[in-house]
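To convert a position in the sequence shown, counted from 1, into our numbering, add 834.
Presented below is the structure to which this report refers.
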Amino acid sequence: MTYLPPIRLPVRCIGGREFDFAHQIVIMGIVNRTPDSFYDRGATYALDRAVEAGRRAVAEGAGWIDVGGVPFSPDVPKVSAAVELDRVVPVVAALAADGVVVSVDTVRPSVAQASIEAGAGVINDTSGLHDPELAEVVAGSTASLVITHSAAPPGQHLHRPTYDDVVTEIRDFLASRIELALAHGVPEERIVIDPGHDLNKNTRHSLEITRRLTEIADLGLPLLAAVSNKDFVGEAVGLERGERLEASLAAATVCALHGARILRMHQVRESARAARMVETILGLQDPAYLRHNVS
């Protein structure tokens, strides 16, 4: 049976561009301006390479670009707000000047504010509003907010995380953080949710989230799934980083079939093509053309 998520207000204006999540599966390209990101190991750390990577991702089919200046891992050196600003803001400004929809992966209100002023249309908060001031920053702008589940404060890592029911706990957490965002003035039509695959979760948790993603999509807001090259993907199929493309596409496809409408992916060209196929299978879009057995 085909599952279509009950998204309230599916047509969104994000970063000056209209997205229709009732008919689109959007690819979010990734630009990590860090020397120690888990996937690219600093390949886009230089400013020119970061901007080039963002432009290339858009050309390959990304609907928007997610820019980050701080790795999620607590095992890397701490990054100050000043350094994060120096890394992120120039990339945002350059891409926004090209008309690119840009999100910024940050948990700091000061970085969010500067990023929005530089042209960011989305703040991607992987802490789940650990600092409610971030919601106030977003509320005072036209930017959208991604609320991600995380069971630990920013920069901390849970050793052997446990959940009684990981999906129910994520759903309840996100529901409460949606209410918190609303209370701080962020309109519902500017909120996106993310269950946080692998963020303070083990592989069994992330697989369970993927299997039961409809329970989270039923919250009625656009759902983002960030599964690309994650550890749970590698552990599931026994592949090291750099060899996980096909497995990542499989995980992303299952997420889309279970209600995800934004897929955060490293390999954009392949991901965009997979997303277009899922859209046509689900009847969200018509085929690009019809030639086979029609004449």
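Beta carbons are placed, not taken as given, at the ideal position from N, Cα and C, and that holds for glycine.
Per DSSP, reduced to three states, the secondary structure at residue 848 is strand. Listed in chain order, the beta strand (DSSP E) elements of length 3 or more contained wholly in the segment 949 to 975 are 956 to 959. Rounded to the nearest angstrom, the Cβ distance from residue 1097 to residue 862 is 7 Å, consistent with a contact under 8 Å. Taking C-beta atoms under 8 Å as the contact rule, residue 984 and residue 960 qualify, at a distance of about 6 Å. Residue 842 is a Cβ neighbour of residue 1055, given a cutoff of 9 Å.
Relative to residue 882, the option among 1111, 980, 924, 1010 whose CA is nearest is 924. The bridge partners DSSP lists for residue 1028 are 982.
Measuring C-alpha to C-alpha distances from residue 838 to each of 1100, 1052, 869 identifies 1052 as the nearest. The Cβ neighbour count for residue 931, taken over all protein chains shown within 10 Å, is under 16; the residue is labelled exposed. For the 9 Å CB-CB criterion, residue 926 and residue 973 do not form a contact. Look at the beta carbons and you see the segment 992 to 1001 not touching the segment 947 to 967: under three pairs across the two are nearer than 8 Å.
The shortest C-alpha to C-alpha distance from residue 939 to any of 909, 911, 978, 928 is the one to 978.
If the five residues before and after residue 1074 are omitted, its C-beta is found closer than 7 Å to the C-beta atoms of 1068, all from its own chain and listed in chain order. Per the C-alpha coordinates, the member of 968, 1027, 935 positioned closest to residue 898 is 935. In terms of Cβ geometry, residue 887 and residue 917 do not form a close pair [threshold 9 Å].
Taking 9 Å as the cut-off, the Cβ atoms of residue 956 and residue 849 count as close.
If you compare the alpha carbons of 1046, 1071, 1027 with that of residue 1060, the shortest gap goes to 1027. When the beta-carbon positions are compared, residue 901 and residue 867 come within less than 9 Å of each other. Per DSSP, the beta-bridge partners of residue 938 are 901, 957. Residue 1011 sits in a helix when the DSSP states are folded into three classes. Rounded to the nearest angstrom, the gap between the Cα atoms of residue 980 and residue 1009 is 13 Å. Shortest Cα-Cα distance from residue 1037 to any of 1018, 856, 1071 involves 1071. DSSP places residue 1099 in the strand class (E or B) of the three-state scheme.
In the three-state reduction of the DSSP assignment, residue 856 falls in the coil class.
Here residue 1039 is buried, its C-beta having at least 16 other C-beta atoms within 10 Å.
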